[in-house]
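Chains as they are written, first to last, in the numbering used here: chain A, 4 to 261; chain B, 188 to 615; chain C, 232 to 544.
Below is one structure, written out as structure tokens, with a few remarks after it.
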Amino acid sequence: MLYPLAWLLATSVKPADEVIASLDLLPGRLEWSNYETALEGVNDISVGRLLGNSLLIATGAVLGNVLSCSLAAYAFARLRFRFRGPLFAFMIATIMLPHHAVLIPQYIIFNQLGMVNTYWPLILPKFLATEAFFVFLIVQFMRGLPRELEEAARIDGCGPFRSFFLVILPLTRPALITTAIFTFIWTWNDFFTQLIYLFSPEKFTLTLALRSFVDASSTSAFGPMFAMSVIALLPIVLFFLAFQRFLVEGMANSGIKG
Amino acid sequence: MPGIRTRKSSATAVVLALCAMLGGCSGPQESGGGGKVVLRYTWWGNPDRAARTQQAVDLFEKGHPGIEVQTSFSGYDAYKQKLATQAAGGDAPDVMQLDYRMIDQYASGGVLLDLAEQRSALDTDAFDTGLLATGKVDGRQYAIPQARGTETVVYDASQWKAAGVAPPREGWTWNDWADTMRELARRTGEPGGTDPGWSEDAFEVWLRGRGKALYTEDRQLGFTAEDLTRYWTFTDRLRREGAVSPAEETTQLDGTVENTPLGRGRALSDNNWDAPASGYLGLLPDAEIALAPMPSGEGGTPGQYFKPSMFMGVAADTSHPEESVRLVDFMLNDPQAAKILGATRGIPVNEALREEIAPDLKDFDRTIYDYQASLEGELKAPPQAPPSGDSALQTTFQRDYDQVSYERMSPREAAENYLTEAKAELRS
Amino acid sequence: MTTPHMPTTVRGEGAAPSARPARRPRREGAAWVFLSPWVLGACVLTLLPMAVSLYLSFTDYDLFNAPSWVGLRNYTQMFTEDPRYWRSVGATLTYVVIAVPLQLALALVVALALKNMRHGKAFYRSAFYAPSLLGASMSIALVWRAIFNDGGTVDHLLGTGGWVNKPGWALLAVALLTVWQFGAPMVIFLAGLQQIPGELYEAAEVDGAGRWRQFLSITVPMLSPVIFFNLVLQTIQAFQVFTPAFAISAGKGGPADSTLFYTLYLYDRGFVASHMGYASAMAWVLLLAIGVVTAVLFRTSRSWVFYASEGDR
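The structure is reproduced here in structure tokens:
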């Protein structure tokens, strides 16, 4: 299970001639210069700044996704309105079209909005619930909650907004935490969107900077590339370790009040 | 839902507007902030190239206080797709680095500025006319070559010596090369070199050695199914004999030296471009890496040529054509910039600057410089930039040869397949 | 079957929420308020680009020159003149059939095991998720290639020779990479398991139901919406598999087109060969194909997915 990861870690400190040729997990000699090379390119821009940019984008994306996707999901899962079926089908269909096909039109739209080389193309879509994956995920969790919850809330005088915030949202916590964790990690790793929309190096994220500065087509860069992966990985490992415990504290023991 | 209906109809209107826009109109222009002209300049490359380019750009800004240059770069594959997306969105950077295979598509797509419009700002006197012509499409100069490279047979001289095989002699032919490969395989039990059947570049060298070309002047195929069948039969036989790498090795070639049979320690030579060959120094620290010319045709006709390894071009819809061309001129002609840039983009095409930087070249840059110098005057002029269909055909070439080397098709079948696809590709 | 509540509405409809005459008209307006961000995003950022790509699928469009209308030519060319297209369809279907069931089964089994684990839960959960943190990056692809190459670890242990360089085996190596990164469905299963009220198990315990019986009558039905979610999403994503194959085969889909998956070929046509019209047509055919498969999944879900909000059947 973890063998390939160990391989990755080990290779990141191997000298060039051992990277591919050697089967041994342990490097013949330690080559920390891979890390120096990986970090060398980002010298002009401080790693702190890159980290800050990445954090800003990932945090914005998490807020956006949790908020907008849960709102939309609540409507789809628990409210009745016209065209619900067709709209739901359309929402699912939006994830079926390969993103390469819509890349250029999307770029044109953001360019027309004057948002290229800003963080808006990376964050705004999340506030508009464009990631149907998460809407659908939260829908499935909300539909798993008994209908009586709102009936009871309604009798207590709650409208849909209060029952959403006070009753449904707290009970959907496992799904919201899952959404937050995935959004953070996926946004962090989303090299491609960042590449397309960001131009100025001072706006680069950690992922983008590291991948741009370690060019695979240049000579013999496998070692530094592995080192770069490890560096880029560290923050999300820490993030996951910090937040994964929330996955445990679901509602298993809190129960549902009838 | 009346609300929805209005939204829908306005959406349709925007789609129509978008379609019109896809028809080539430009996006919003970045105007200069604070009275300065702001230029965007992008390239692909590694951190070393980035650092040196930035230094040169700083120097340019010092000499031109009214101009601010914003730079950005990424790895090659990422760069290609980003540039295509930007250009399709009408948002191409003012000054861009281009590859040989991009010229035709970008020029005929109206992305590139005809540099003759800014002739006064650009000096091309120090450029070889043959190489300069590679940046022309339909007689217009759309891009200027920055550096040149050429193909080479890279080999480990010490291994060859140990095996008792004579090093390549000058002017060797494809038959000499094949015999050497067999000899190496016979004496060492390892394939002599990379199977050249997968490489469109190697095929071009072979073809030019026979007096033909990949493409004609009017951008049609310059060879027949017969030619390709003959080439693939030649390489396929060597593969079956074990003289060149087996299918399982050849299919892993992806442009990195790490994944070549030589780099993996499973062959004794490789045919590659001269610049990336420096990667073998780190991979094979005990080897004595040497560069030999590519084999010639049987009549002694050389097939390889000096190929521009990268170009500089200017966006057709830039709001600052003159300043953009000035930046191009500076990067290509300024002696101080040349000193800073060195050989980070390859050996410069500019002849005056090539002499200028030669004494400072070190290590493998020196090896490449000497190798290129040894070929100076021997080679024929490069062909014009390949038609835009070529970027697809390069992969098709590899895919069709996979079918041959895995013995799923005969060389003839695969060659005919290739020709069919190539004709379709070049028609459109 | 233990159900927390009696159903308030008996619905004969499928698992997909379906249109119904508004029972509580007061909420119609509220629904649109909740939906407003999504509607805005869907119209501007989703519907519009989709419409453009649909239009482009009927054109010859090389990215830079104006698209020219060619009617159905892209579609007919795809179906009748492009053997490589059909190779990519075959590779994709094989991949879906191998990767999806394996990945889901593994994710479910591990999630259940983690749920019942008393010690070291956090460690194992992190360890099982770790591969997914990496995504399918260039470096993980290189690791994979080294492990499944001639003389690599797998060759060493099993003596099978290399996988990534043999046409019959390379697809399996790519599928295993996806299976290995089963963290996302696993976490979703875990979250789903958290949502099952503990009282249900306690009540079942009182009734004397064994573990297996509890699994079948509580865990499976209560988890079914989440199982369904994972099944639908992983299927959709498997049809669009791109990054692992792209990285492992350096974008070529080799050897001998054996890992030339649908979206890989689509990318190749659109961005390498600059036939964006053709690529758009491919995208829409894929959308229709996935749509049909998903619709079938939704239809079957009526018989096995249980929603507490809609009562049991």
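Each residue gets a CB set at the ideal place from its N, CA and C atoms; glycine is no exception.
Note that the structure is a prediction, hence the values are computed from the model and not measured.
**Asked** To the nearest whole angstrom, what separates the beta carbons of V352/B and E370/B, a pair I think is in contact under 8 Å?
**Response** Counting from 1 along the second sequence, the entry for residue 352/B is found at position 165. Counting from 1 along the second sequence, the entry for residue 370/B is found at position 183. Confirmed, about 5 Å.
**Request:** Compute the distance between the beta-carbons of D386/C and E435/B, then report whether it is under 9 Å.
**Result:** The residue you call residue 386/C lines up with position 155 of the third sequence. The residue you call residue 435/B lines up with position 248 of the second sequence. No.
**Message:** I want to verify the contact list: residues of chain C whose CB lies under 9 Å from the CB of S578/B, in sequence order.
**Reply:** As a first step, residue 578/B must be located in the second sequence, where it is residue number 391. Here the neighbours are V503, A504 and S505.
**Request:** Could you pull the start and end residues of the beta strand (DSSP E) that A334/B belongs to?
**Result:** Numbered from its first residue, the second sequence carries residue 334/B at position 147. Residue range A330 to G336 is occupied by the beta strand (DSSP E) that includes A334/B.
**Asked** Are A481/C and N233/B close, meaning C-beta to C-beta below 9 Å?
**Response** Taking the first residue of the third sequence as position 1, residue 481/C is located at position 250. Taking the first residue of the second sequence as position 1, residue 233/B is located at position 46. No, Cβ-Cβ distance for A481/C and N233/B is not below 9 Å.
**Item:** Alpha-carbon to alpha-carbon, F492/C and M94/A
**Value:** Reading the first sequence from its first residue, position 91 is the one you call residue 94/A. Reading the third sequence from its first residue, position 261 is the one you call residue 492/C. Approximately 25 Å between the Cα atoms of the pair.
**Message:** Looking only at its chain, what residues have a beta carbon closer than 7 Å to the beta carbon of A602/B, apart from the 5 residues adjacent to it on each side?
**Reply:** Looking up residue 602/B in the second sequence gives position 415. Taken in chain order, the residues that qualify are A412, L415, T416 and W419.
**Three-state secondary structure assigned by DSSP to P480/B** = The residue you call residue 480/B lines up with position 293 of the second sequence. Note: P480/B maps to coil in three-state DSSP.
**Prompt:** In the region 286 to 311 of chain C, which residues sit with their C-beta less than 7 Å from some C-beta in chain B, listed in chain order?
**Reply:** So the close ones are Y286, D291, D293, L294, F295, N296, A297 and P298.
**Item:** Under the three-state DSSP convention, the category T497/B falls into
**Value:** As a working mapping, residue 497/B is identified with position 310 in the second sequence. A small correction: the amino acid at residue 497/B is Met; Thr does not occupy that position in the sequence shown. M497/B: strand per DSSP, three-state reduction.
**Alpha-carbon spacing of S456/B relative to W231/B, whole angstroms** = Here the question's residue 456/B lines up with position 269 in the second sequence. Here the question's residue 231/B lines up with position 44 in the second sequence. Distance between the alpha carbons of S456/B and W231/B: 28 Å.
**Request:** Give me the Cα-Cα distance between L100/A and T409/C, rounded to the nearest whole angstrom.
**Result:** In the first sequence, the residue the question calls residue 100/A occupies position 97. In the third sequence, the residue the question calls residue 409/C occupies position 178. Each residue's Cα considered, the two are about 20 Å apart.
**Request:** Quick one: give me the first and last residue of the beta strand (DSSP E) that V224/B is part of.
**Result:** By one-based count along the second sequence, residue 224/B stands at place 37. Unbroken beta strand (DSSP E) run through V224/B: V224 to W231.
**Prompt:** At a cut of 8 Å, does the region 120 to 128 of chain A reach the region 440 to 459 of chain C through at least three beta carbon pairs?
**Reply:** no
**Asked** Do the CB positions of S368/C and F194/A come within less than 9 Å of each other?
**Response** By one-based count along the third sequence, residue 368/C stands at place 137. By one-based count along the first sequence, residue 194/A stands at place 191. Yes, Cβ-Cβ distance for S368/C and F194/A is below 9 Å.
**Message:** Please identify the residue among I180/A, L12/A, Q143/A and F168/A whose C-alpha is closest to the C-alpha of A262/A.
**Reply:** With chain A represented from 4 up to 261, any question about residue 262/A goes unanswered, as that position is not in the structure.
**Prompt:** Taking DSSP as the reference, what is the three-state secondary structure of L299/B?
**Reply:** Here residue 299/B refers to the residue found at position 112 of the second sequence. Note: L299/B maps to strand in three-state DSSP.
**Request:** Kindly provide the ranges of any alpha helix (DSSP H) runs that are 4 or more residues long and lie completely inside the region 380 to 420 of chain C, ordered along the chain.
**Result:** 384 to 389 and 401 to 411
**Asked** Between the C-alpha atoms of T311/C and W385/B, what's the straight-line distance to the nearest angstrom?
**Response** Mapped onto the third sequence, residue 311/C falls at position 80. Mapped onto the second sequence, residue 385/B falls at position 198. Taking the straight line joining both Cα atoms gives about 27 Å.
**Prompt:** In the DSSP assignment, what are the bridge partners of I254/B?
**Reply:** Sequence index remark: in the second sequence, residue 254/B carries index 67 (1-based). Looking at the DSSP assignment, I254/B forms a beta bridge with V224/B.
**Residues, ordered as in the chain, of the region 441 to 470 of chain B that lie near chain A by beta-carbon distance below 7 Å** = G442, T443, V444, E445, R451, G452, P463, S465, G466, G469 and L470
**Asked** For the putative contact between E39/A and G226/A, defined by C-beta atoms under 8 Å, what is the C-beta separation to the nearest angstrom?
**Response** Reading the first sequence from its first residue, position 36 is the one you call residue 39/A. Reading the first sequence from its first residue, position 223 is the one you call residue 226/A. No, E39/A and G226/A are not in contact; Cβ-Cβ is about 11 Å, not under 8 Å.
**Item:** Burial state of L519/C (16 or more Cβ within 10 Å)
**Value:** Counted from its first residue, the third sequence places residue 519/C at position 288. Flag for L519/C reads exposed.
**Message:** By DSSP's criteria, W515/C is part of a beta bridge. Which residues make up the other side?
**Reply:** Within the third sequence, the letter at position 284 stands for residue 515/C. W515/C pairs with nothing; no bridge assigned.
**Request:** Given a cut-off of 9 Å, decide if T531/B and D281/B are closer than it, judged by their beta-carbon atoms.
**Result:** Against the second sequence, residue 281/B aligns to sequence position 94. Against the second sequence, residue 531/B aligns to sequence position 344. No, these two residues do not count as a Cβ contact at 9 Å.
**Prompt:** Can you tell me the Cα-Cα spacing of S534/C and R150/A, whole angstroms?
**Reply:** Reading the third sequence from its first residue, position 303 is the one you call residue 534/C. Reading the first sequence from its first residue, position 147 is the one you call residue 150/A. Between the alpha carbons of S534/C and R150/A lies a distance of about 20 Å.
**Asked** What residues in its chain sit with their C-beta under 7 Å from that of R376/C, if we drop five residues either side in the sequence?
**Response** For the purposes of this step, residue 376/C is taken as the residue at position 145 of the third sequence. So the list reads V395 and I479, once near-sequence residues are dropped.
**Item:** Best match in G529/B, H251/B and P535/B for proximity to S496/B [C-alpha to C-alpha]
**Value:** Stepping through the second sequence from its first residue, residue 496/B is reached at position 309. Shortest Cα-Cα distance from S496/B to any of G529/B, H251/B and P535/B involves P535/B.
**Prompt:** Beta-carbon separation of A454/B and T381/B under 9 Å?
**Reply:** Working through the second sequence from its first residue, we reach residue 454/B at position 267. Working through the second sequence from its first residue, we reach residue 381/B at position 194. Going by C-beta atoms, A454/B is nearer than 9 Å to T381/B.
**Request:** Over the uninterrupted beta strand (DSSP E) stretch that includes Q284/B, give me the two end residues.
**Result:** Within the second sequence, the letter at position 97 stands for residue 284/B. Counting along the chain, the beta strand (DSSP E) containing Q284/B begins and ends at V282 to L285.
**Message:** For a test of the three-state rule: what should DSSP assign to R148/B, helix, strand or coil?
**Reply:** Residue 148/B is absent from the structure shown; chain B starts at 188 and stops at 615.
**Asked** In chain order, what residues of the region 342 to 359 of chain B put their CB closer than 8 Å to some CB of chain E?
**Response** Given the protein chain composition of this structure (A, B and C), no chain E is represented.
**Request:** Could you pull out every residue in the same chain whose Cβ sits closer than 8 Å to the Cβ of A435/C, ignoring the five residues on either side in sequence?
**Result:** To locate residue 435/C, count along the third sequence from 1; it is residue 204. Counting only Cβ-Cβ distances below 8 Å, and skipping sequence neighbours, we find T233, R444, Q445, S448 and I449.
**Request:** Classify F260/B as helix, strand or coil using the three-state DSSP reduction.
**Result:** As a working note, residue 260/B is residue 73 in the second sequence. Correct three-state label for F260/B: strand.
**Prompt:** Beta-carbon separation of A361/C and G423/C under 9 Å?
**Reply:** Along the third sequence, one-based indexing puts residue 361/C at 130. Along the third sequence, one-based indexing puts residue 423/C at 192. No.
**Item:** Per-residue burial, F354/C [other beta carbons within 10 Å of its own, 16 or more giving buried]
**Value:** Looking up residue 354/C in the third sequence gives position 123. Exposed.
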